[in-house]
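Structure first, then comments.
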Amino acid sequence: MVSLGGLARKLFGSSHDRRVKGLRPRVAQINALEPEIAALSDQELQNKTAEFRARLEQGETPDRLLPEAFAVVREAAKRVFGMRPFDVQLIGGMVLHEHGIAEMRTGEGKTLMATLPVYLNALTGKGVHVVTVNDYLASRDAETMGQLYSFLGLTTGVIVHDLDNESRRAAYACDITYGTNNELGFDYLRDNMTFDRSQMVQRGHHYAIVDEVDSILIDEARTPLIISGPLEDRSEFYNLIDTFIPALKPEDYEIDEKQRTATFTEAGTEKMERRLKKAGHLKGDGLYDIENVTIVHHLNNALKAHKLFLRDKDYIVRNDEIVIIDEFTGRMMPGRRYSEGLHQALEAKEHVTIQPENQTLASITFQNYFRMYTKLAGMTGTAATEAEEFASIYDLEVVEIPTNLPVQRMDEDDEVYRTVEEKYRAIIRDIKEAHARGQPVLVGTTSIEKSELLAERLRKDKVRNFQVLNARYHEQEAYIIAQAGVPGAITIATNMAGRGTDIQLGGNVEMRIRQELQDVPEGAKREAETEEIRLDVARLKEEAIAAGGLFVLATERHESRRIDNQLRGRSGRQGDPGRSKFFLSLQDDLMRIFGSGRMDSMLQKLGLKEDEAITHPWINKALEKAQKKVEARNFDMRKNVLKYDDVMNDQRKVIFEQRMEVMDSPDLTDIIDDMREEVVEDLVSLYFPAGSYAEQWNAPALQEDLHRLFNLDLPVTDWVKGDGVSEETVLQRTFAAAKERMNERREHFGPELTAYLNKAVLLETIDLLWREHLVNLEHLRSAVGFRGYAQRDPLNEYKTESFELFQTMLANLRQDAISKLMRIEVVQNEAETLPEMHAGHPAFDAQDEGNDMVQLTREQEMRTVRPEDRDPKDPSTWGKVGRNEPCPCGSGKKYKHCHGAFV
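Here UniProt numbering is used: the first residue of the sequence shown is 1, the next is one more, and so on.
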């Protein structure tokens, strides 16, 4: 029986089919240009880049250039690599150019496909970022594809760990920049912590293609990028708390594996209170008294570290360090640490050196970082299952690109066993059978621990010829994967997402040449041995095909269907035969957490014998539903994280824009004067409220604050006693005294030093208070969760209170900056000179859209425009506006309090 949706798809095709069909005419256009482009000499082909750039400058759009640009790249690929991009790669390239996600199966050539839109968009000169999941892939792709770009006259840079600022700046200045998501995000944060635009390395966010887009924008979306600085050392306290946990019994705590939470029961709480009292660390009578909030937090972290986080699954211990393992890719993530004391709790648990806790200096989520790009695109083998999330959060459409050749892989039904022991016996049986007939086998596991357990079992069963690929052997991964298609090869892999190397039946020719002939010099001997390797690989490929192609054998289902599909997709590349099968047991994490207890008892009643498996398409459907539930819950969690981060992101944008304005302004005098007046106004209104009686005034307090903050000795008390002054008179006298004091200091320092101090003090104060604000937001985020018990929406509470905190921070910013400028003293030796303060970096101004806009705005602001010629809705028509003039927008406020406001 065919559903209505299925019938519609049969008649009209899926939305993906219709989208691909709509792009076919442009493929025909590109193909029609092929003879003409192929007839060009190398020099004529290279000259096309300058021609395209000239046409863009004359107003032609990249969309109009697309057929010709793609035809040029295709011809260049033929000449540089000896590879001609398939028609389906052209379609994928168009999807990427049109702000979409191209879902292409493994082995279909995503890396080469990306060169088409990368070249086209790099012609604008604004820079293209190609984002990968690790340094190895970024370096490899930049080096390999850089040959193609260089042939066409474009420059390529790569951003990897341990580069200095000059190297980073040079890489970002290139037409095309390869880099990892982490490095790009951290560079953005570091750029917004610099004291001068010339120290910044990035030059805007124009166009990005994200490889393994599901891994970066979905799996890692919950983890913010954080730049932090150390706080005081509390290692002894962490070690003390850690000693309490091993003594706990199961009745002392509750574990929720679905929600990944661990909490103390009443018995456990009493036990902790007794231990803390004995150690002298409990304040008051009870653990949950307000003064013990921090201790409760550390106890919960220690409990999580012992009961939820598993060594060799969630982290490994290496070189006296806890190294996090990415739950989705199985890779080590050196340098990444859990926040809020959890990493220290794990260090105490494993008895390694405890690093100090950190204070957040700057942070951003990948969601908000990548949404800054004017145009964003992505590619992966598995995105369709998350199409809704890509559309709602990133406004990205997922398009399934057809394969170049029909898929011949056989996907078998899952086999479900009652126990893990039975499952492993069946797995080893199938591995042995496949190995005996010369079929290459790729075994997928969900953790390092399980991959090593399986390796140990294979050794016991006298199976020796296998390779283990997991976070421990990350360095050798490319070679291990490249040879996983050799007949009889057995490869155990923790995860296959973002490995960047295809499994080719018979082995990888280029990898073998690199490994086996690295010491053989160029010449006749090397050519002969190269040809031998090629013939040997071709022979081995025929053997592997005859044995059935690559057999993907998965030892467990992941929570995410995408991870399963990534593993399965390694088999059957480019029309090769293949086979895939998943083995499960009712004791697996997914089955256990999602209610297999009833199924176990039912199977026992039905008389399921030992080593018997149940296989049925219905089971596959039931598992898919369970995975969908997990994915939906994870989507909700990511959406929730984003809602909170959006609140902070709005504030982050304001602060970062203000920092830019300070760095770009050659003269901050007007801004400083406005801030000084606002601070004075706030102070006077605090102690002399408008419309109040003289008895309600607090002259001594105002006099004390003026001295403390501004070093002003004003006889405010005498004014009130002797003159019978009004609030307005006090305000005007204070204005005048503060202005006079500031002018004296400017004369004393001179214009050059004054300009330097204004900039340095303002930037330092912004950074200091922003760091404190981030800490306050973290604490607020922790606290508002409990408001739900009072029937109040935690998100609304967070929005309201974070806005109040932000307003308080801005008021403190004005007060602190003015106070420092009124009191600061400079000690300078005669030999010393001031550091240079640049308003921009000349090397980037010509190419940086952001800088061009800043320059354009300044030129417009310098013009004097008559009020009647200004368009209230278009600030670019206002020209120079006096800070005390009415704002041209028509709000009725002064310009300095409206569109000319600084924080």
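Glycine included, each C-beta is placed from N, C-alpha and C at the ideal position.
In this structure, residue 715 sits near residue 703, with a CB-CB distance shorter than 9 Å. The three-state reading of DSSP puts residue 564 in helix, counting H, G and I together. The DSSP-derived three-state label of residue 415 is strand. The DSSP assignment places 110-122, 135-151, 165-173 as complete runs of the alpha helix (DSSP H) inside the stretch 103-179, in order along the chain (cut-off: 4 residues). Minimum Cα-Cα distance from residue 666 among the listed residues 688, 305, 734, 196 corresponds to 196. Note: residue 397 is bridge-paired with 100 in the DSSP secondary-structure output.
Residue 775 is classed as exposed because its beta carbon has fewer than 16 other beta carbons within 10 Å across all chains shown. Separation of the CB atoms of residue 651 and residue 766 is rounded to 12 Å, and the pair is thereby denied contact status at 8 Å. About 6 Å separates the Cβ atoms of residue 485 and residue 550, confirming a contact at the 8 Å cut-off. By the CB criterion at 9 Å, residue 504 and residue 541 fall inside the cutoff. According to the DSSP assignment, residue 765 belongs to the alpha helix (DSSP H) that extends over 751-784. For residue 363 and residue 757, the gap between their C-alpha atoms comes out near 27 Å. Nearest neighbour of residue 218 by Cα position, chosen from 368, 820, 254, 738, turns out to be 368. Residue 812 and residue 263 have their C-alpha atoms roughly 39 Å apart. If you ignore the 5 residues before and after residue 142, its C-beta comes within less than 6 Å of the C-beta of 156, 158, 178, all in its own chain and listed in chain order. In summary, residue 782 is exposed, with fewer than 16 beta-carbon neighbours lying within 10 Å of its beta-carbon over all protein chains present. Inclusion of residue 381 and residue 396 in the CB contact set at 9 Å is not warranted, their separation being larger than that value. Between the beta-carbon of residue 562 and that of residue 624 there is about 12 Å, and that puts the pair past the 8 Å contact cut.
Considering only 427, 674, 448, the residue with the shortest C-alpha distance to residue 555 is 427.
Going by DSSP, residue 283 is part of no beta strand (DSSP E) at all; its letter is neither H nor E.
Excluding the 5 residues flanking it on each side, residue 87 has same chain C-beta neighbours closer than 7 Å at 27, in chain order. Listed in chain order, the non-local C-beta contacts of residue 526 below 7 Å within the same chain comprise 517, 520, local neighbours out to five positions each way being set aside. Taking each of 748, 298, 677 in turn and checking the Cα distance to residue 735, the smallest one comes out for 677. Cβ contact annotation for residue 77 (same chain, cutoff 8 Å, sequence separation greater than five): 83, 84, 85, 112, 115, 148, in chain order. Here the C-alpha atom of residue 609 lies approximately 21 Å from the C-alpha atom of residue 581.
Annotation for residue 773: 809 place their beta carbon closer than 6 Å to its own, counting only its chain and skipping 5 residues before and after. Scanning 281, 669, 415, 53 for the CA closest to the CA of residue 743 turns up 669.
Within the same chain, and ignoring the five residues on either side of residue 255 in sequence, the residues whose Cβ sits closer than 6 Å to its Cβ are 262, 307. Under the three-state reduction of DSSP, residue 679 is assigned to helix.
For the pair of segments examined, the stretch 406-421 was found not to touch the stretch 241-250: the number of CB pairs separated by less than 8 Å stays below three.
In this structure, residue 129 places its C-beta atom within 9 Å of the C-beta atom of residue 184. The DSSP-derived three-state label of residue 386 is helix. In this structure, DSSP gives residue 70 a helical state, which the three-state scheme calls helix.
If you ignore the 5 residues before and after residue 267, its C-beta comes within less than 7 Å of the C-beta of 251, 252, all in its own chain and listed in chain order.
The C-beta distance from residue 207 to residue 121 rounds to 5 Å, short enough to fall under 8 Å. Within the stretch 402-473, the complete beta strand (DSSP E) segments of 3 residues or longer fall at 408-411, 415-417, 441-444, 466-469, listed in chain order.
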